[in-house]
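When the count follows this note's numbering, it moves up by one through the sequence shown with no breaks and lands on 784 for the last residue.
All residues carry an ideal CB built from backbone N, CA and C; glycine is no exception.
Everything below concerns the one structure shown next.
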Amino acid sequence: MTDESRPPRENLWLLTAAPFIWLAHLLLSYITGAVWCAKIAGRGGSLGAARAAIAVYTLLALAGLALVGWRAMRRRRPVEPGPAREYDAPGDRDRFLGRTTLLLTGLSALAVVYAALVALFIRSCR
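What follows is the structure, encoded as structure tokens:
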């Protein structure tokens, strides 16, 4: 399939990938910390292994977001110069979805980093 004939559903799934990766990272991080403190380390225990797991989750999430961002950049190709159009072309929609996906990916990467900072600063289950 050429870029112009690609079904729009594929673009919409890519648009939702970045927030889903952020959501998965956030849930895994907080569930890991909660289970670690409640069941394994106890109330005053150290978060050492849980922090390592959250670091792994963060690296995986950032790698996934980099892949989504790379695919979005490929879709956001530059506009060819020419006369202004007053209609909605498939290429215009594709560029818009690529730009939107790229912005959501950046926002999700920032959210992943902020969620990981909690594990960096908190050292115990207290």
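To the nearest whole angstrom, what separates the beta carbons of residue i and residue j, a pair I think is in contact under 8 Å?
i	j	result
S782	S687	Rounded, the Cβ-Cβ distance is 16 Å, inconsistent with contact.
T758	A676	Not quite, the Cβ-Cβ distance comes to about 10 Å (not below 8 Å), so this is no contact.
A730	G756	5 Å
I712	A774	6 Å
A787	I780	Look at the range of the chain in this structure, 659 to 784, and you will see that residue 787 is not part of it.
R733	D752	6 Å
Is it buried or exposed, residue i, if we count other Cβ atoms within 10 angstroms and call 16 or more buried?
i	result
A692	exposed
A777	buried
A721	exposed
D750	exposed
G727	buried
W671	exposed
A696	exposed
L760	buried
T716	buried
T674	exposed
Would you kindly report the start and end of the unbroken alpha helix (DSSP H) that includes residue i?
i	result
I712	706-733
Checklist entry - Taking one C-beta from the segment 677-686 and one from the segment 760-772 each time, how about it: are there three or more such pairs within less than 8 Å? => result The segment 677-686 is in contact with the segment 760-772.
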